Every structure is written in C-alpha cells, then in structure tokens.
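Following: one structure in structure tokens, then a few remarks.
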Amino acid sequence: MGYASLRECIDDLDRAGRLRRVTEEVDAHLEVAEVQRRVFAAGGPALLFERVRGCRFALASNLFGSMDRVRFIFRDALDGVRALVDAKVDPRAFATSPARAVRLPAVAMHLLPLPVRGGAVFAHRCEVRDLPQITSWPDDGGPFITLPQVFSEDPDAPGLRASNMGMYRVQLAGNDYVQDREVGLHYQIHRGLGVHHAHAIARGERLPVNIFVGGPPAMSVAAVMPLPEGLPEIAFAGALNRRSIRMARRGPGPHVHADADFVIRGSIGPSETKLEGPFGDHLGYYARAHHFPVLRVESVHHREGAIWPFTVVGRPPQEDTMFGELIHELTGPLVPTVLPGVSAVHAVDAAGVHPLLFAFGSERYVPYADAATRRPMELLTQANAILGQGQMSLAKYLFIASREDARGLDIHDVGGFLCHVLARFSPERDLHFHTNTTIDTLDYSGSGLNEGSKVVFAATGPARRALGSRLGRDLPLPAGFGDPEVAIPGALVLRAPSWTSAEEGAADVQRLVDALDAPARDGALDGFPLVVLADDSDFTSRTVSNFVWVTFTRSNPAVDVHGVGAVTVHKHWGCRGPVVIDARIKAHHAPPLVEDPAVTARVDRLGARGASLHGVI
359 MGYASLRECI DDLDRAGRLR RVTEEVDAHL EVAEVQRRVF AAGGPALLFE RVRGCRFALA
419 SNLFGSMDRV RFIFRDALDG VRALVDAKVD PRAFATSPAR AVRLPAVAMH LLPLPVRGGA
479 VFAHRCEVRD LPQITSWPDD GGPFITLPQV FSEDPDAPGL RASNMGMYRV QLAGNDYVQD
539 REVGLHYQIH RGLGVHHAHA IARGERLPVN IFVGGPPAMS VAAVMPLPEG LPEIAFAGAL
599 NRRSIRMARR GPGPHVHADA DFVIRGSIGP SETKLEGPFG DHLGYYARAH HFPVLRVESV
659 HHREGAIWPF TVVGRPPQED TMFGELIHEL TGPLVPTVLP GVSAVHAVDA AGVHPLLFAF
719 GSERYVPYAD AATRRPMELL TQANAILGQG QMSLAKYLFI ASREDARGLD IHDVGGFLCH
779 VLARFSPERD LHFHTNTTID TLDYSGSGLN EGSKVVFAAT GPARRALGSR LGRDLPLPAG
839 FGDPEVAIPG ALVLRAPSWT SAEEGAADVQ RLVDALDAPA RDGALDGFPL VVLADDSDFT
899 SRTVSNFVWV TFTRSNPAVD VHGVGAVTVH KHWGCRGPVV IDARIKAHHA PPLVEDPAVT
959 ARVDRLGARG ASLHGVI
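Numbering-wise, the numbering used here comes out as the position in the sequence shown, counting from 1, plus 358.
Printed below as a string of structure tokens:
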C-alpha cells in the first residue's frame with residue numbers, strides 16, 4: 359500500500375491490529391529502547407508511544423519488527439519490485455510471464471521523484487533540543503537518531519539523479535557539540551556520502567546535507583539498500599511505496615523530502631570533526647568515541663502531528679535483522695549477475711553481519727577432474743570478487759563452498775553450513791589470508807579503526823572427515839585451560855586463561871597448540887578441525903548464535919587464528935592439526951552491551967495487568 363505519510367502507515371497497522379499504543383508516560387532516556395528490545399524479542403506488535411516525558415512528539419518503533427509485518431506494509435509493492443529485479447536478472451522472463459510484465463510499468467512509473475514547491479515537512483520550525491532525545495544504552499555518549507535518512511547531492515553533478523541517501527548514525531547532543539547548532543554525523547567507509555564529501559573537499563566547499571526522519575516507511579528501507587551505482591535511493595523508495603517520492607527545493611542546498619516528518623538541514627566542512635559516541639551498536643558492543651564529521655545545523659523543520667520513528671540496535675537479532683532479510687529477499691536473485699559463478703551470499707546476522715559471510719560458489723575450471731582429488735580453484739577467484747564487492751569487502755571471515763556439493767543445503771542454516779565446510783576444508787591448504795586491510799568501522803577486534811585482516815575458508819569435494827560430536831577421551835590441556843564443550847559437530851570450545859596482554863595471550867596459545875600436537879598426531883582430534891578459545895566455554899557452546907557471535911566478533915584472523923602443527927610453505931600458512939581461533943575478550947575490544955537493571959524494573963510496569971503492554975512483555 360502506498361503511504362503518503364508515516365501517520366497513514368501507523369493508522370493502517372492500527373486498523374489491522376498490528377500496533378499497540380503505549381499510553382503511559384515513558385522516558386526517552388533508556389526506557390523506550392528497553393521497551394523496544396523486549397517487544398521485538400517477544401515477537402510483539404509495532405508500537406506508538408503517545409506520551410514521552412519532556413517531549414511533545416509521539417514515537418513509533420518496531421514497525422519492521424517481523425517479516426510478516428514488513429510484507430503487510432509493502433503488500434502491494436513487493437511483487438512489482440521483484441519484477442524489476444527479475445527484469446535486471448533476465449528480461450526474457452517477461453516473454454513467458456505476461457502477468458509480471460503488466461506489473462512492471464506500474465512500478466517503473468514511480469521511480470522518478472516528483473518535484474514539488476513545498477510540503478508538509480515545512481509546516482513548523484523547532485530546535486534540535488526539541489526533538490526526541492532517545493538514548494538506547496547506559497554508556498551511550500548522548501541521544502541518537504537511529505532511523506535517519508541522510509541525503510546529499512553530488513557537488514560535481516547537482517540534482518536528484520546523482521543523489522545519495524544512507525542510514526548514517528546521527529548524534530543529537532553530548533560530547534562537545536554546540537547545542538542546537540551542531541550534530542555528529544558518523545559515516546563509515548565505503549559509503550556514498552563519503553564520495554560526495556570528497557568531491558566537496560576537492561572543490562573547496564562545504565557539503566550541504568539534509569537529515570530526514572519519518573515519512574513513508576519505504577524511505578527507511580531505501581536508505582539501507584545496497585543499490586547499484588547510478589540508481590538513487592529515492593527512486594527505489596518510490597517503487598517500494600508505489601508512489602513517487604515528492605522532493606521540494608526550498609532555498610539553497612539539496613532537495614527536501616516533502617513528506618518527511620522532520621528534516622534537519624545543514625552542512626559538513628572539509629575537516630571539521632569532533633568526538634562522536636560511544637554508541638551501543640549492532641555487533642553487540644559499544645562503538646567507542648572517535649572523531650567524525652560535524653553537521654553545522656542551519657534549520658530544523660517538522661510537519662503538523664509529526665511522529666518520530668526509531669529503532670534499537672544491539673547484539674542480533676534486533677529489528678534491523680528484518681532489514682537484512684528483506685534485502686536478501688529482494689536482491690538475492692541479483693547475486694549471480696554481479697558475481698559470476700556465485701549463487702548465494704549470506705551475511706550472518708548472529709555474528710553481527712560483517713564479521714562472517716557464507717557463500718555458495720562453483721568449481722567449473724576442471725570439470726573432468728576426479729571429485730576425490732578436487733581442490734578449491736574457481737572458489738578462490740569468487741572469494742576475491744566477493745571481498746571486493748561493496749559492503750561485503752568489510753567481512754573478516756568468508757566461508758565459501760561449492761554449490762554442487764550441497765544441493766539441498768540452505769545457506770541460512772548457520773550450523774549446517776559451518777559443518778559442511780569443516781568436514782571438507784584442508785587446514786593446511788584451504789585457508790587464505792588478507793592482511794593489513796580494511797574491516798568494519800564498528801569492529802574493534804582489529805589493530806585499529808577500520809584496520810584488520812580477513813581469511814577465506816574454502817571447501818570443495820566430498821567430506822574429508824567425519825565430524826565429532828563428543829570427545830572420545832580427555833585431552834592433556836595445560837594449566838588454565840579446561841571445560842571442553844562441543845558447540846557444533848567439528849568445533850570444540852575450550853575455556854582459556856583471561857587475556858592480559860598480546861605477549862601473554864600468544865604464550866597461552868602456544869602452550870595449548872604444543873599440548874595438542876601429540877593428540878592431533880595420534881588421531882584424537884580427527885573429528886575436530888576447529889578449536890575455539892573463549893572466556894566462558896559453556897556460554898559460547900550453548901547455542902549456535904552464541905558460538906558465532908563470540909568466535910567471529912572477538913577475533914582478528916591474522917592475529918587470532920593459530921593452528922596445531924602450523925607450517926608456512928611459499929608464504930602460505932596452514933596447519934596439519936586443528937585450526938585454533940583465540941576468541942577471548944582482549945583489552946582493546948569494546949565492552950559488550952548490558953541493560954541497566956533499574957530501567958528494566960521500571961519497564962516491567964508496562965507489562966502488568968491493565969497496562970498497555972500486558973500480554974506482550
């Protein structure tokens with residue numbers, strides 16, 4: 359259904375019984391975020407907070423809290439958007455499916471934004487301090503906008519055609535920001551806003567930027583979509599909303615989304631930065647304070663009856679998990695056209711998305727080779743292509759397997775996919791490292807901001823080993839190591855001594871690999887090609903989600919991947935025994951996110967009998 363405003367969407371959800379109104383007064387500081395997390399975890403409805411302490415605006419959250427609700431919101435558009443994707447994949451499909459071809463023009467006609475003279479968003483002006491000051495986690499550096507649509511136009515090609523709209527974190531107050539005049543604008547590497555900023559710097563100019571909040575939900579989805587170069591996000595938003603996005607020109611600067619609920623207008627300079635953060639982020643840890651650009655605020659506008667949408671990020675799954683599922687659903691068919699030979703890619707949400715990628719490729723280089731002697735060849739070419747593609751280039755671990763070896767395996771089966779690779783890869787041959795390279799800005803396992811390494815685990819051919827589900831006998835573990843647990847078949851987790859320094863940490867690992875050398879040589883570890891060192895082996899092995907979160911968010915491949923019987927031949931590192939990943943918490947890691955017990959107790963009242971969220975939380 360095409361919505362003219364966020365209010366229309368909320369009313370639609372309300373009529374369908376998919377929204378719950380919270381009528382009690384709630385605090386934007388920690389309370390609303392705690393409510394959102396708990397309602398999402400319970401599979402609850404969308405929320406409208408009608409009374410927010412010290413704020414005149416209503417808040418909305420959990421709009422995208424389930425795929426069922428996402429499909430309801432975009433129920434009249436998803437088939438048409440899929441038709442656009444199909445046209446990109448194989449235009450011949452329309453020759454055999456006239457019904458889909460009929461739908462395509464109806465979608466395509468909304469791709470072009472509609473220029474207008476004004477809009478509802480200009481109805482009122484206010485200050486930054488008047489906006490909802492939502493703080494999600496106890497140690498956040500201040501209030502943040504968590505569903506912003508940050509819009510800019512290319513200084514070298516002004517106008518909507520070369521525009522960019524992304525969901526870049528915005529800090530409204532705190533640190534050294536001048537109240538009402540400055541907000542923090544955190545954009546990560548490989549982002550379109552950075553390209554526009556670079557062009558402005560080269561021209562010796564400030565870059566005008568508008569931050570939209572609210573409006574039709576399609577705008578939020580478009581802001582996170584990994585779209586190809588040349589397709590503006592506002593065009594995709596028009597297709598998804600089944601109505602062209604209305605963009606107004608009001609004074610100097612880029613266009614303004616006429617139907618947004620709020621807009622902050624301003625600009626960023628060539629070198630003006632201030633500390634932004636900390637911020638509880640989607641890996642499940644705090645992103646520390648770092649210098650990022652400052653938006654110099656020129657004006658703030660909002661529509662009559664404006665509603666402020668927000669979400670909360672933290673250790674997955676959270677509401678943003680649904681964005682990932684929708685993106686995969688819509689863009690998955692495009693993967694083979696962008697990455698030849700690759701049939702599927704999955705960024706593992708439970709591991710924080712960027713730390714861990716799965717991929718199905720193909721081995722077609724020597725089809726006549728005996729299956730038993732096959733080794734990864736084309737898979738390595740495909741792995742390099744994946745790690746050079748957009749946001750996938752920020753991944754740390756890539757597990758890639760041949761689709762022809764696993765026709766019935768779902769790439770979203772995290773445990774199953776890991777077991778498939780563990781049964782087939784050669785630790786001595788099939789690990790390929792990329793060192794001194796870029797990783798996610800929010801990942802603190804590396805050697806510095808945006809600095810770390812990557813490793814590819816490649817697997818093809820029949821299984822090389824039967825994976826173990828339990829240890830056959832006790833292992834001769836050195837002092838400080840113990841509590842062995844099997845997380846998934848083939849992966850053993852050990853409690854290790856607490857990490858104190860790089861030198862002591864390396865010495866700990868060396869003591870372990872030396873102790874495991876003899877058991878590995880006599881076959882005691884044949885079913886366990888992977889050993890993970892953790893601070894708490896029981897927690898790490900309790901669920902697959904715990905296992906991938908601990909293992910892949912707390913390790914930097916070039917530093918933390920070791921092996922029993924390690925060897926280097928022609929500069930290629932491998933090991934004859936199990937691979938050992940040191941996933942202990944290190945001093946340079948960011949702290950994990952933990953709720954404030956006092957806030958949790960206050961939120962409990964909303965679930966009491968007679969309260970707004972009784973039966974939900």
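All residues carry an ideal CB built from backbone N, CA and C; glycine is no exception.
Predicted, not measured: the structure shown is a model, and the values here were computed from it.
C-beta contact flag for residue i and residue j at 7 angstroms
i    : j    : result
P575 : I431 : yes
R409 : E392 : no
S521 : P610 : no
F815 : F775 : no
G710 : Q740 : no
V925 : L874 : no
V614 : I569 : no
E656 : H544 : no
A418 : I665 : yes
R600 : D434 : yes
H640 : T493 : no
G532 : F650 : no
L406 : P471 : no
L684 : V428 : yes
L870 : F839 : yes
R608 : A478 : no
G624 : R654 : yes
Residue from the options with nearest C-alpha to residue i
i    : options                : result
S784 : P836, F886, A418, L835 : F886
R378 : H712, A876, P403       : P403
F337 : R433, A593, F509, C484 : Nothing in the structure corresponds to residue 337, since the chain is present only between 359 and 975.
I846 : L833, A854, T909       : T909
C413 : I368, V486, G477       : V486
M680 : E366, F502, V582       : V582
G663 : H482, D880, R673       : H482
V867 : V890, A849, R879       : V890
A702 : Y802, I769, P636       : I769
L364 : P471, A616, L436, T858 : A616
A916 : M467, R427, A854, D940 : D940
R822 : A464, D788, W857, A400 : D788
A558 : W495, S629, A948       : S629
L745 : A878, D896, T796       : T796
G642 : P667, H930, V671       : V671
A441 : L688, R828, D893       : L688
V567 : V706, E843, H555       : H555
P636 : P836, A865, P496, A606 : P496
V700 : D534, R761, S751       : R761
N- and C-terminal bounds of the beta strand (DSSP E) containing residue i
i    : result
F570 : 565-571
C484 : 482-484
I665 : 665-667
R379 : 377-380
D512 : Unbroken run through D512: none, as it is neither H nor E.
F430 : Where F430 is concerned, there is no enclosing beta strand (DSSP E), although the alpha helix (DSSP H) it sits in stretches over 425-431.
A759 : 755-760
V938 : 937-940
For residue i: DSSP bridge partner residues
i    : result
A705 : L715
F650 : K632
D538 : Note: D538 sits in no beta bridge, so no partner.
H659 : R483, V621
I503 : V528
W495 : Answer is none; W495 lacks a bridge partner.
G932 : V925
G638 : Y644
A404 : L377
N522 : S510
P950 : Y643
L543 : V528
V384 : V410
Boundaries of the alpha helix (DSSP H) in which residue i is found, first to last residue
i    : result
C413 : Counting along the chain, C413 falls outside any alpha helix (DSSP H), and DSSP gives it neither H nor E.
N742 : 736-744
L364 : 364-373
D678 : 678-689
V474 : From DSSP, V474 is part of no alpha helix (DSSP H) but of the beta strand (DSSP E) over 472-474.
D918 : 915-918
V961 : 955-962
beta-carbon residue i near the ligand FMN non-hydrogen atom, thresh 6 angstroms
i    : result
V579 : The ligand FMN is not part of the structure shown, which contains no ligands of any sort.
Of all the alpha helix (DSSP H) runs that stay within the bounds of the segment 768-827, which reach a length of 4 or more residues? 772-780
Complete alpha helix (DSSP H) runs within the segment 549-628 (minimum length 4 residues, chain order): 550-560, 575-582, 591-599
Ranges of the beta strand (DSSP E) found wholly within the segment 818-904, counting only runs of at least 3: 840-846, 849-853, 888-892
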